[in-house]
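In terms of the working numbering, the sequence shown opens at residue 7 and continues consecutively.
Positions of the beta carbon are idealized from the N, C-alpha and C atoms, including for glycine.
Notes follow the structure.
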Amino acid sequence: MMGLKRNDHLNVCIVLISFILMIHHSSLMTSAAFFTTRSTINSRKTLTRESLISSIGSIKSSSSKEEGKKESLNTCEEPTDNVSATRRSTLAKVASLVIPTISAVELLLHAKISLAMDENDEVKKRIIIVTGCNSGIGLDAVMRFAQNHKVILACRTLEKAENAVRQVQTSLSSAGTSVNDLDLIPLECNLASLKSISTFAQGVAGLLGDTGKVDVLALNAGLARNVASKDVLRTEEGFELTIGTNHLGHFYLANLLLPLMDKKSGRIVVTASGVHDPESPGGAQGSKASLGDLSGLVEQGPFFEMVDGSKFDADKAYKDSKLCNVLFTRELQRKINQKGYEIKANCFNPGLIVGTGLFRDQNQILTKVFDIAATNLLKVGENTHWGGGCLEYLCLDKGVGEVMGGQYYTSDPGSSKYGDAAYGNQFCVAQPSKEARDDKKAKDLWRLSAQLLGMSPDMN
């Protein structure tokens, strides 16, 4: 595709994917939905992984509607289409070959570990906690951290954490690192359970002893439900699952661990997203993020469906949770400053990274096609190694520690092509959305969140 502009790449790829979809679904409606998505994408400057979730949901919804129409017109059993069946079988076989191949390439990429610090800097062994690190950018970040630091892997289940440890050991040992040199501690931390979070915090305190301190807390875990979901799922305490996990779970964990952190040089990093901003390319697609006047939390308490008091919308719930992440980061830094601590809290947008656990609730064949198209063909997506590097940069880079916290970091799409040189250059501080800069709303959200969790709004 040499000689084509980026939009030309996008158009060619959309046509290719649409053709595959028509074969897979045998539905012109699916193709029409995808070309509608293309016109939306062409009007944007950047793409994000969450905007594609909205696209996938729209496509699946359109396909379902078409199938429903067919059933209403003809209640008879459809004849067997051997050709269509063969095509679907072929597509599935191709995906079965592509997916493990991509995974193997990613495993090899993990062997190239680079610390986000100057070569002449002395490496201080830090204690780093990472949530949501059994896959995606969290796992990649652990791969990076593990060579020189003690890492506590906080995953939804102990089994997931232990599996992540084994993946890190296997990958790094194949790259020449001795497993005996790794200091990895797997622990359960289910962010949808306050009891699990509390138990995790107690476990960390026990590991630290009387003198140890947490140097870095990476709040990376995230949950995104299928955008077509209509049912309201809830955490153990009854909070709506997306906000309850992505915002309230991390809010609770951060407040429990703050007393254990190094007050002089600690870092707190929150994985947010560009979709928190309704004026951004990804945020402009589908439902828009907005917390309104927080009436859902005020009037409905723990039984809220949406923060703004509206009816449940899975797409909006995820985007709202990312807006909560940015507001939380900014208010957290303000409170840290009031206490006189030197901890730096920042959040970031990792960009469009399809190959993460965030897409686990979507059609996996379609998701893999998106991944290949956005990352390998169009070069507008990023890979998990890039996202892990963004997380590592904010957690360890000396320069980040020397500037004020409470910042939002992001980059233009396709910046992963610059490699590690992009961190601090293409990947840098940017202005979050207008609503995310509302300091009063940040204070109110903090107060109401603490109230829901039965905590004091004052930071320890």
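Approximately 4 Å separates the beta-carbon atoms of V233 and D321; this is inside 8 Å, confirming the contact. Between the C-alpha atoms of R162 and I191 there is a straight-line separation of about 14 Å. Look at the beta carbons and you see the region 296–310 not touching the region 259–279: under three pairs across the two are nearer than 8 Å. Residue S422 holds the alpha-carbon nearest to the alpha-carbon of P356 among L214, K269, S422. The Cβ-Cβ distance between V332 and S455 does not fall below 9 Å. In the DSSP assignment, T416 falls within the unbroken beta strand (DSSP E) covering 414–416. Around the C-beta of T335, 16 or more other C-beta atoms lie within 10 Å, and the residue is accordingly described as buried. DSSP links R240 through a beta bridge to E246. Counting only runs of 3+ residues, the beta strand (DSSP E) found wholly inside the region 397–456 occupies 414–416, 434–436, in chain order.
Contact between A224 and V136 holds, with the beta-carbon distance rounding to 4 Å and staying under 8 Å. In the structure shown, V174 falls within a helical segment according to DSSP collapsed to helix, strand and coil. Contact check for G280 and G289: beta-carbon distance about 6 Å, within the 8 Å limit, so the pair qualifies.
Listed as beta-bridge partners of C353 by DSSP are V276, Y414. Fewer than three beta-carbon pairs drawn from the region 180–189 and the region 226–244 are found closer than 8 Å, and the two stretches are therefore not classed as touching. In this structure, the CA atom of Q432 is about 22 Å from the CA atom of P284.
According to the DSSP assignment, L303 belongs to the alpha helix (DSSP H) that extends over 301–306. Taking a C-beta distance under 9 Å as the contact criterion, D450 and L300 qualify as a contact pair.
Judged by DSSP in its simplified three-state form, C330 adopts helix.
Listed in chain order, the non-local C-beta contacts of F206 below 7 Å within the same chain comprise A160, L193, E194, C195, local neighbours out to five positions each way being set aside. Going by DSSP, I133 is part of no alpha helix (DSSP H) but of the beta strand (DSSP E) stretching over 133–137. About 7 Å separates the Cβ atoms of I249 and C330, confirming a contact at the 8 Å cut-off. Sorting K350, N252, R240, G255 by C-alpha distance to the C-alpha of F310 places R240 at the top.
With respect to the 9 Å criterion, K156 and K130 are not classified as neighbours on the basis of their beta carbons. Note: I158 is bridge-paired with I135, I191 in the DSSP secondary-structure output.
Look at V210 here: in three-state DSSP terms it is helix. Boundaries of the beta strand (DSSP E) harbouring V222: 222–225, taken from the DSSP string.
Assignment of M149 by DSSP, reduced to helix, strand and coil, places it in the helix class.
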